[in-house]
Structures are given as C-alpha cells and as structure tokens.
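Engineer:
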Amino acid sequence: MSNAVLSVQDVSVAFGFDKNGNPRDGKQPLQVTDRVSFDIFSGEFFALVGESGCGKSVTAMSILRLLPWPSAKIVNGSILFNARDLVKLPLNELQSVRGSEIACIFQEPMQALNPVVTIKKQLLEVFKFGAVSNSAVSNSASSADPLTIIREQLRLAGFTDPDRVLNSYPHELSGGMLQRVCIVMALLPKPKLIIADEPTTALDVTVQAQVLAVLKDMAEKTGTAVLLITHNMGIVSQYAHRVAVMYAGRIVEEGPVREVINHPLHPYTQGLLAAIPESHSDLRTLASIPGSVPHPKDFAKGCRFADRCSKCAQAPAEIREKCLSAELPTKMSEADHFAYCFCQDPRASRG
Ligand SMILES: Nc1ncnc2c1ncn2[C@@H]1O[C@H](COP(=O)(O)OP(=O)(O)O)[C@@H](O)[C@H]1O
Ligand code: SF4
Ligand SMILES: [Mg+2]
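Okay, so the sequence shown: first residue is -5 according to my numbering, each after it adds one.
#1: Between H257 and A333, is the Cβ-Cβ spacing less than 8 Å?
#2: So if DSSP puts L0 in a beta bridge, which residue, or which two residues, is it bridged to?
#3: Is any heavy atom of ligand 2 found at a distance shorter than 7 Å from the C-beta of F336?
#4: Can you give me the C-alpha to C-alpha distance between L24 and I73, rounded to a whole angstrom?
#5: Tell me the DSSP bridge mates of I245?
#6: For K186, which residues of its own chain have a beta-carbon under 6 Å away from its beta-carbon, when the five flanking residues on both sides are left out?
#7: Would the C-beta of C48 count as close to ligand 2, meaning under 7 Å from any of its heavy atoms?
#8: Let me confirm a value: N133 is counted as buried when at least 16 other C-beta atoms fall within 10 Å, else exposed. Which label applies?
#9: Which residues bound the beta strand (DSSP E) around T224?
#10: On the three-pair Cβ rule with 8 Å, is the region 102 to 114 touching the region 21 to 40?
#11: If you run the structure through DSSP and keep just helix, strand and coil, what is C98?
#12: Per DSSP, what are the beta-bridge partners of N70 in this structure?
#13: What would DSSP say about V287, mapped onto helix, strand or coil?
#14: Looking at C-alpha atoms only, which residue of H289, S282, C337, G285 is the closest neighbour of K305?
#15: Just tell me which of V201, V199, A219 has its CA closest to the CA of L181.
#16: Any heavy atom of ligand 1 within a distance shorter than 7 Å of the CB on P62?
#17: Between V52 and V7, what straight-line distance do the alpha-carbon atoms span, to the nearest angstrom?
#18: Across which residues does DSSP place A348 in a beta bridge pair?
#19: Alpha carbon to alpha carbon, what distance is there between I177 and T143?
#20: Can you tell me the Cβ-Cβ gap for L221 and I189, rounded? I've got them flagged as a contact below 8 Å.
#21: If you compare alpha carbons, which of G228, P183, T112 is closest to Q202?
#22: When DSSP labels each residue in this structure, what does P62 get in the three-state scheme?
#23: Relative to the C-alpha of S295, which candidate in C303, E321, A311, D198 has its C-alpha closest?
#24: If L197 and Q173 are in contact, beta carbons under 8 Å, what's the gap, nearest whole angstrom?
#25: So, do the region 284 to 302 and the region 235 to 246 have three or more beta carbon pairs nearer to each other than 8 Å?
#26: State the DSSP-derived secondary structure class of A138, mapped to helix, strand or coil.
#27: Check the C-beta distance from V254 over to H331 and give it rounded, since I have them as a contact under 8 Å.
#28: Helix, strand or coil: how does DSSP classify R92 here?
#29: Let me check understanding here. Comparing Cα to Cα, which of L266, N86, P290 lies closest to P284?
#30: Does ligand 1 have a heavy atom nearer than 7 Å to the CB of S286?
#31: DSSP three-state call for V131: helix, strand or coil?
#32: For a test of the three-state rule: what should DSSP assign to D28, helix, strand or coil?
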C-alpha cells in the first residue's frame, strides 16, 4: 500500500546456507517462514502475535537483515521502506537505516547497553553519531543541548529524577528502568519505525504494563510506528491498533485489533483468545490449544494448524480433505480483516 511506512511482501526465510549462499552440505534448506505479508502505517502500533516458534523473531530480524549469517537467507519477497527494498539495499545504505530510521528494542535490555559505561555516556553516544535531529524533541527543547534533550526524554519515560539514572551504570537499574532507557535511546534519532521483539517478556508482570505504556505514549508523541512482537494476546488487546496472527511461519489472520478480538475468524486466533486469563476467570477452566507449534521440518502439506484444529476435526469430509492436503487455505476477506481458513464463512462469526 502506498502510504505504508513499511510494507513486507511475500517474505520467506530459510535456514541452511553456506557463506557462498549455497545450500549447506548440499542439503535442502529449511524454510521457516512462508510468504509473510503485512503493512505498517505511520504512527501505528502493529502487533505480530503467535506462540513461541511461529516465526515472529525471524520475520522481525529479516526486516533489517539481522538474520544469522550465513545460515539464514531471505529466499523470496520484498521489504519496502521509504521507497527502497531493504532486501536488496547495499549493506552500507542499510547501516544508515539501522538505528536511525528503524530502531530495535530487544527482550533483554542488557543486550543493547554496555555494562561498563554510564547511561549518560551511552545516551550521549547517540548524538555523537549525528543521528539525532532537532525534530526528535519538542519545539521548546529543539535548540537545547543534548543533555537537556535527554533529561526531557527521560522525564517523558517516567523518570522523575533523570540525573540519578544518567549517573548510573546499567547494573544499578532494574529491568523495567533499563527497558525504559532503551526506549528513550531508540526514540532519540526519531526513527520512523521501532521493532520491539517481546520487550517486556523478561520483566516482572507488575512493570510490563508501565514499560508498554511508556513505549506507546512516547511513540505516539513522536509519530513513530511500532512493530510489537509478542506471544501475549492480552498485550495485543490493550496496546495495538492492528494485529497479524502468525502460525507455523505463516500469517493466518490480520485485522484491526477490536475486530479480531470481537470476531476472530481463524480457529488459531480463537484458541489464543480463549487462553487469555481474565482477572475473574477460573484458571482450571482456562482453555488451551492442544498440541504445539510444529518444527519447520514437520510442516504439513495443507493447513499447518490442522492437527490442532477442532473445527477441522468436526468439518464435513470434503472440507477436512482440503484442510489436510490443499496448498494454502483460502483468504476469507472482509475489507481490512481477513484470515486463511477453509472452514469458515466470515459472516457466520458475526452473530
Ligand atoms: N538460528 C536458527 N537456526 C535454525 N533455525 C532457527 C534459527 N532461529 C530460529 N529458527 C527456527 O525458526 C522458527 C521460528 O523461530 P522464531 O522466529 O525465533 O520464533 P518466535 O519468535 O515466533 O518464537 C523456529 O522453528 C526456529 O526453530
Ligand atoms: S483451514 Fe481447516 S485446519 Fe486450518 S484452521 Fe481452518 S478449519 Fe482448521
Ligand atoms: Mg521470538
């Protein structure tokens, strides 16, 4: 789509290559994601959700070509960003996109921080690379010196005493504080997109909400789009505008979050939603999806969810036959909310 910040189109990633880009040891590479497509628009909070092993991180890493080299390769598709295809962009041009135009926040904040350097030095470092533009900060601070800008951003991230944080080493701060520092660091160059891969999974439940609220609030203020990777449908429902649901390397459903939550089309999405614990729910009755995500070497020929799908088990024989053997389930489309499933009439789920 034309006004998308990022347009991922039919991207497939495979593992098993040597440094010349050929299949390693003559063996067929293992394809782990299959024609993944989605668009992210300016200022949008877009979630990619699915159980562990579905291909979310591989998809995220493919955007900035951070996949393990040489074993992984993008074998199909394009990733359009700012009128350029990141899949084909020369490495020196891609380096200038990394960090300044597209920033990343990882599960472990310590991955992004140097343990022996103060937070102040590390945040000032971002300015040294010339990545921070004056428009990254509010008008009142646009002519201010770097430290004033950093203090203002730390306050926006919820730190009432920015100097205490600035004079600390990473090990002196809690995980939640470090992740908020990483959010500030990622946003300083005013990137168009932030990729946040499970940014709160390593944190205590009590601080997860605070960190996500800071990310959402600060991204909204700067107009930065966010690709949030998570396995948690509860987080999706609270923070995202749109969501793509991923299963076994494929997108199986996508739509505006309210639509997907209120009228899930795909049996996998329905299963994920049924498994969200609510404060009043009895954990003994909480539904879980039987079975587990298959390893890519065990991907089935038909719908990859078939062996876990209760709809398939109850479907008429001719549908079941398709589920088990047809190439890709058909796209059930209702404007911007769609899913891939043989079994369901989209109108039927809107009772
Ligand atoms: N370095 C790697 N080598 C081989 N296979 C990998 C590697 N990294 C990920 N995979 C495989 O790719 C699939 C998707 O993994 P990943 O994207 O990390 O899942 P998620 O982030 O959804 O938990 C998994 O089956 C995983 O085993
Ligand atoms: S295509 Fe068939 S197996 Fe796959 S989710 Fe739909 S009903 Fe279930
Ligand atoms: Mg992951």
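Where a beta carbon is used, it is the ideal one built from N, C-alpha and C, also for glycine.
Structural biologist: From the atom records:
#1: no
#2: I34, F75
#3: yes
#4: 21 Å
#5: M240
#6: V(-1), E95
#7: no
#8: For N133, the predicted model reports a pLDDT of 46, less than 50, meaning its position is unreliable and no value from the coordinates is stated.
#9: 219 to 224
#10: no
#11: strand
#12: S6
#13: coil
#14: C337
#15: A219
#16: yes
#17: 8 Å
#18: Beyond the ends of the chain as shown, which are -5 and 345, falls residue 348; an answer cannot be given.
#19: The sequence given here has Ile at residue 143, not Thr. When rounded, the distance between both Cα atoms is 14 Å.
#20: 5 Å
#21: G228
#22: coil
#23: One point to set straight first is that residue 295 is Lys, not Ser, in the sequence displayed. If we check each option's Cα against that of K295, E321 comes out closest.
#24: 7 Å
#25: yes
#26: coil
#27: 7 Å
#28: strand
#29: L266
#30: no
#31: With a pLDDT of only 47 at V131, under the threshold of 50, the placement of this residue in the model should not be trusted; the figure read from the coordinates follows. Coil.
#32: strand
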